[in-house]
Structure formats: structure tokens, C-alpha cells
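Residue numbers (our numbering): 222 to 588.
Have a look at the structure below, then the notes.
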């Protein structure tokens, strides 16, 4: 049976704490030895204990719990006694003031660990409060978006059932198209919600997106093909460089990002006659994807909140059927889970451009 992810996280955390403690103590000892060579033994005795107190302070601040700070306190006292106190490279526990030195270092360690633990608990409480606020905003934002198309589907279906015989073929076709459109929107909404929920649940346990090297042109083509099946009249153009671009990603999730961005452009870009999808390489570091349109753009005050869970342009009223913010917040969450970034900006000639950047190479830890 494979060890659980929690076990790996615990091993990783312990290894990090041990590494930091060891590096800080050895760095302090090396610095003290260097200063001893420069200033001489007599002068260095004045500040060597203080440097080790600083080392204990740093260990207590940047490691978890009390163990590593307390261990660094004892190690620091023993190193000072063994290396920097006469007789050198021998222990002498009968030195005057030795118990006070141990007590001082332990006090520094415990106080720093206590303050650090308190700060971490406060930060965790703040994150929980932010997460709860995001959850509330998300539920508030989608409540109307889910209810309105369901009401529309029920209404259209009721008309077909009760008055089907008196409706013309064209009227029936129009009602069926409305039902299909609303059902497709509901499917997309549920997919988005499931995706963003999974990513957010996994974010605190450092879940890894399963990334494989993908040909960027093929991912773009697949997303555009799926989009055009639903929006046959969509004025989409694709631009990619002649050289083959390969980027590590979860192809299905990146396709969902592109489909969401294309759908937002079709739905919200009023008077848009062109939607451009492009990809370009930024040296060897990253690949940048762009979905832009030549529509009306977004008002500046709404642009800063466009990628948030509750982002909604001011042009959208409370009766609006489509909420842009849900789809874009899903896109933003997916890109961040890939280790990338996303931003939106209004184009100079009118319209909106949404850019997202993915690392062109896997990081060392695979994230």
C-alpha cells in the first residue's frame, strides 16, 4: 500500500525543518570561526554567544513547533562551550554563568516559537475567513445564474407540452433551441463549479496537477473545434508561430480555460466581429496564451475584479442570465494550479484581451 499524501507532506515538512536548523547552526559556527580568526579569541568571546542567540531566534521563527528551537538552544550552548570557550574543543560545564546561558537561549526559543505559532494560527484563521467569504460570494453569484436557465427550460417545456399542437414547426424549433442552449449553459456551469471546488480543496494539501508535455497548437485546435460546434457563427481566428510549441499542462483543464474564455468573448463582447486566439513563447521560460476580441471591453473599475469569484461587470444587472465572473474565476484557479498567472486588459482599439502564462518547463518539485 502506497503512503498517503499526508505522510509525504509530513516527511517533507520534517526534512525542511531539520535542514533549516542544521544550516543556520553551521552557518553561525562558520561565521564565528571566521570572526575569531579576524579579531582574535578574546574579542570574539564578546559576540559569539549573541550570534548563536540570533541563530536560535531564526530557527524558532522559521521552523514548525517548539522542538527545533529548543534543540537549537541546546546545540548552540554546547557549540559555544566546546568550540569557543577555553579549554577549546573540550566540554567544561563548570563555567560561571553557564546555567544562565542555557536559560536565556531556551527563553528566547520558547518565546519566539510561541509568537510564531500564534502568528501562524492567526494567519490560518484569516485564510479560513477569506475562504468562507469567497464561498459565500460564489454561492450568491451563482444562485441566480442557476435558477434563471432552469426556469426558462421549465417554461419552454411547459409551452411545448400544453400548446405543442398549436405551435408551428419554426416556433417549436426555436423553443427546442432555447432549451438546448440553457441546458448547455447549466452543464458548463456545473463543470466549472466542480473544477474550481476540486482545485480549492486540493490547494492547501499541495495537490499536483497531472501535467504532461502537450503540443500547444493541438490544444488550441481542440478547444476551438469544441467551441465552434456550440457557436457555429463565432468569428474565431487562431494564430500560432511556425515553430512547434510544447508546454507541460493538463490538456483537458487548459482546454476548459480556453473554451470558457471563448464563450465569455461570444457572450459578453458586444458588437465583436473578431475573436483571436493566439499563443507565443517567452524565451525558454513560459508560453503565453491570449484570447482577445474587438468588442466593447470592460469598464476600468470592473476590470480589477474580473478574475474574482464575484466578478461581474457593471453592464450586467441582477437579472443577467450569464455571469462572466464564475467562468473567469475558474480559469484563474486552473492557471494558478499550473503555476502560471492570468490577467485581463482592455485593448487600445476596443475590446478585451485575457492573457494567461504557463511555465514552459516542469519545476523541480513537479508542481
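Idealized CB from N, CA, C, for every residue including glycine.
Per-residue burial, residue i [other beta carbons within 10 Å of its own, 16 or more giving buried]
i	result
residue 515	buried
residue 550	buried
residue 553	buried
residue 246	buried
residue 573	buried
residue 510	buried
residue 477	buried
residue 484	buried
residue 315	exposed
residue 231	exposed
residue 538	In this prediction, residue 538 has a pLDDT of 40, which is less than 50 and means its spatial position is unreliable; nothing more can be read from the coordinates.
residue 565	buried
residue 577	buried
residue 563	buried
residue 370	buried
residue 472	buried
residue 236	exposed
residue 465	exposed
residue 518	buried
residue 228	exposed
residue 561	buried
residue 390	exposed
residue 346	exposed
residue 354	exposed
residue 585	With a pLDDT of 47 at residue 585, under the threshold of 50, the modelled position of that residue is not reliable, and no figure is offered here.
residue 579	buried
residue 239	exposed
residue 556	buried
residue 251	exposed
residue 336	exposed
Residues that residue i bridges to, as DSSP identifies them
i	result
residue 468	435
residue 458	497
residue 566	574
residue 579	508
residue 514	496
Beta carbon of residue i nearer than 8 Å to that of residue j
i	j	result
residue 595	residue 498	An answer regarding residue 595 cannot be provided, because it is not within the stretch 222 to 588 covered by the chain.
residue 469	residue 501	no
residue 276	residue 297	yes
residue 330	residue 286	no
residue 508	residue 442	no
residue 320	residue 301	no
residue 395	residue 559	no
residue 241	residue 310	no
residue 373	residue 351	no
residue 496	residue 440	no
residue 400	residue 378	yes
residue 524	residue 567	yes
residue 503	residue 467	no
residue 249	residue 273	yes
residue 444	residue 480	yes
residue 278	residue 333	yes
residue 312	residue 303	yes
residue 367	residue 407	yes
residue 393	residue 381	yes
Distance cut-off 7 Å: residue i Cβ against heavy atoms of the ligand SAM
i	result
residue 494	Here there are no bound small molecules, and the ligand SAM is not part of this structure.
(message) Runs of 3 residues minimum, wholly inside the segment 432-456: which ones carry the beta strand (DSSP E) assignment?
(response) Within the segment 432-456, the beta strand (DSSP E) runs of at least 3 residues that lie entirely inside it are, in chain order, 433-436.
(request) Would you check if the segment 406-415 and the segment 435-448 touch, i.e. whether three or more CB-CB distances between them fall below 8 Å? (result) No: the two stretches stay apart, fewer than three of their Cβ pairs being nearer than 8 Å.
(message) Any contact between the segment 560-580 and the segment 485-501? By contact I mean 3 or more CB pairs, one from each, below 8 Å.
(response) Short answer: they touch.
(request) Can you check the segment 483-512 for any beta strand (DSSP E) of at least 3 residues that lies completely inside it and give the ranges in chain order? (result) Fully enclosed beta strand (DSSP E) runs of 3 or longer: 496-503.
(message) Could you tell me which whole beta strand (DSSP E) segments of length 3 or greater appear in the segment 277-314?
(response) If we require 3 residues or more, the segment 277-314 turns out to have no beta strand (DSSP E) run fully inside it.
(message) I'd like the ranges of any beta strand (DSSP E) spanning at least 3 consecutive residues and lying wholly in the segment 325-399.
(response) Taking 3 residues as the minimum length, the segment 325-399 contains no beta strand (DSSP E) run wholly inside it.
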